[in-house]
Amino acid sequence: MAASISVAEAVWSEIRLSQSAVTDDQLSILHFLFGKNLERATRIVDQRGVKRVIGEPSGRSLFQVVGESRRREEYICFPFHYCSCYSFFYETINRGEQLTCKHQLAARLASSVGACVEVKMKLMRPIDLFQQALKNNKPVQGRFLGLDVGVKYVGLAISDPHNKIASPLSVLVRKKSKIDLMAKDFSLLISEFSLAGFIVGYPFDSQGAGSVEAVPVKLFMEELRNTGKFEGLPYTYWDERFTSKCVEVFLRPLNLQHALSKSFVDKFAAVGILQGYLDFVNRNLKETDSVLSR
Ligand SMILES: [Zn+2]
1 MAASISVAEA VWSEIRLSQS AVTDDQLSIL HFLFGKNLER ATRIVDQRGV KRVIGEPSGR
61 SLFQVVGESR RREEYICFPF HYCSCYSFFY ETINRGEQLT CKHQLAARLA SSVGACVEVK
121 MKLMRPIDLF QQALKNNKPV QGRFLGLDVG VKYVGLAISD PHNKIASPLS VLVRKKSKID
181 LMAKDFSLLI SEFSLAGFIV GYPFDSQGAG SVEAVPVKLF MEELRNTGKF EGLPYTYWDE
241 RFTSKCVEVF LRPLNLQHAL SKSFVDKFAA VGILQGYLDF VNRNLKETDS VLSR
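Just so you know, UniProt numbering puts 217 at position 217 of the sequence shown, and the rest follows in order with no gaps.
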């Protein structure tokens with residue numbers, strides 16, 4: 001196994017250095033080493049199924065690889081040592097029958113021949129996002145949009161021009177598989193309010209990591225990012241665990257109709273998220289100022 005791995009490594013670096021098409025010799029070595037998986041990996045690369053997601057500012061990256069079957073499942077993948085697929089677990093790790101799974105192979109192949117779809121994430125720390133917005137002090141200061149991402153709706157809130165107070169804006173219906181339409185709605189808002197960034201509600205768990213409920217939020221942001229219409233627009237995640245609950249308690253005495261109260265909750269949850277963020281950054285800014293002026 002070790003010998004096969006070093007042969008494979010030699011071929012990969014040869015391909016990467018030559019920066020041109022893969023030669024027949026290289027292909028036949030790869031085919032010898034990886035067998036059927038090479039054909040599958042090639043199909044994945046041809047279908048533009050390898051995405052390299054680069055984090056900023058860390059510069060670290062991981063791959064998201066879409067399988068070549070019709071189910072189009074997506075796997076998180078580190079070409080050298082991990083893939084979230086079933087075959088990696090059983091055939092590569094458990095039984096040792098394969099050097100890598102087809103997704104890892106596709107990621108190696110795509111990155112060696114430069115065929116990855118690169119996705120840059122502009123996820124920032126909450127406080128950095130605010131400071132950047134202050135630095136970009138154009139004639140009109142950019143405002144922030146608060147997002148409460150639900151399964152069916154996305155509640156929106158907007159900050160005032162001084163970024164002190166959040167108010168409800170609207171509720172967008174999530175158009176399944178029509179992310180482009182939603183992207184258009186967002187683009188209009190960005191220009192109308194000269195937005196400086198998105199503050200996205202995120203259910204952190206008690207350790208500060210994303211909980212299971214966070215997965216749909218991440219997927220939504222990824223879909224939005226993949227439309228390619230928001231390149232460079234920064235966003236950050238803000239803990240939303242308590243907001244929806246608080247809003248529900250607050251609205252209960254009003255005895256609203258279910259549909260109406262749902263739309264209120266969505267709108268106000270976004271207000272809660274954004275206001276929580278604004279309070280935090282403004283307080284933080286004041287504290288830093290008073291430390292500096294001492
Ligand atoms: Zn895999």
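Glycine residues also receive a C-beta, built at the ideal position from the N, C-alpha and C atoms.
| field | Local conformation of alanine 196 per DSSP, three classes | value | strand
| Span of the beta strand (DSSP E) holding proline 216? | Careful: proline 216 lies outside any beta strand (DSSP E), inside the alpha helix (DSSP H) at 214 to 226.
| field | Contact check, isoleucine 199 vs isoleucine 273, beta carbons under 8 Å | value | yes
| Under the three-state DSSP convention, the category glutamine 47 falls into | coil
| query | At a cut-off of 7 Å, is histidine 103 close to ligand 1 when judged by its beta-carbon and the heavy atoms of the ligand? | reply | yes
| By DSSP, does leucine 169 sit in helix, in strand, or in coil? | strand
| Starting from isoleucine 98 and walking both ways along the beta strand (DSSP E), at which residues does that stretch end? | It should be noted that the sequence gives glutamine, not isoleucine, for residue 98. It is not in any beta strand (DSSP E) - glutamine 98 carries neither H nor E in the DSSP assignment.
| Opposite glutamine 26 in the DSSP bridges: which residues? | Its beta-bridge partners do not exist; DSSP assigns none.
| query | Secondary structure at aspartate 148, three-state DSSP: helix, strand or coil? | reply | strand
| task | Could you pull the start and end residues of the beta strand (DSSP E) that serine 61 belongs to? | result | 61 to 66
| query | CB of tyrosine 75 to nearest heavy atom of ligand 1: below 7 Å? | reply | yes
| field | Residue from Val149, Val119, Val11 with nearest C-alpha to asparagine 226 | value | Val119
| request: Spell out the partners DSSP gives tyrosine 202 in its beta bridges. | output: Asp239
| request: Compare the C-alpha of valine 265 against each of Val281, Trp12, Lys286, Glu240 and name the closest. | output: Glu240
| message | Quick check: is the beta carbon of glycine 232 nearer than 8 Å to any beta carbon in chain B? | response | No chain B is present in this structure, which holds just one protein chain.
| Closest by CA to residue 374, which one among Gly59, Arg71, His31, Leu30? | Shown here, the chain extends from 1 to 294; a query on residue 374 therefore has no answer.
| What residue from Gln47, Ile44, Ile76, Gly35 has the CA that sits closest to isoleucine 54's CA? | Ile76
| said: Does arginine 40 pass the burial test, meaning 16 or more other C-beta atoms within 10 Å, or should it be called exposed? | reply: buried
| task | Kindly identify the DSSP beta-bridge partner or partners of arginine 52. | result | Phe63, Glu118
| field | 6 Å Cβ shell around leucine 109 - same chain, five flanking residues per side excluded | value | Ala41, Val45
| Since alanine 106 and valine 65 are thought to touch, with beta carbons under 8 Å apart, how far apart are those beta carbons, to the nearest angstrom? | 5 Å
| query | Which residues in the same chain have their Cβ closer than 7 Å to the Cβ of arginine 16, if we skip the five residues on either side of it in sequence? | reply | Ser112
| request: Since I believe alanine 270 is in contact with glycine 142 (beta carbons under 8 Å), could you give me their beta-carbon distance rounded to a whole number of angstroms? | output: Actually they are not in contact, since the Cβ atoms of glycine 142 and alanine 270 sit about 18 Å apart, beyond 8 Å.
| Between the CA atoms of isoleucine 93 and leucine 172 - distance to the nearest angstrom | 45 Å
| Other residues of its chain near histidine 31: CB distance less than 6 Å, five sequence neighbours each side excluded | Leu38
| message | Whole angstroms are fine: how far does the CA of arginine 52 sit from the CA of alanine 214? | response | 21 Å
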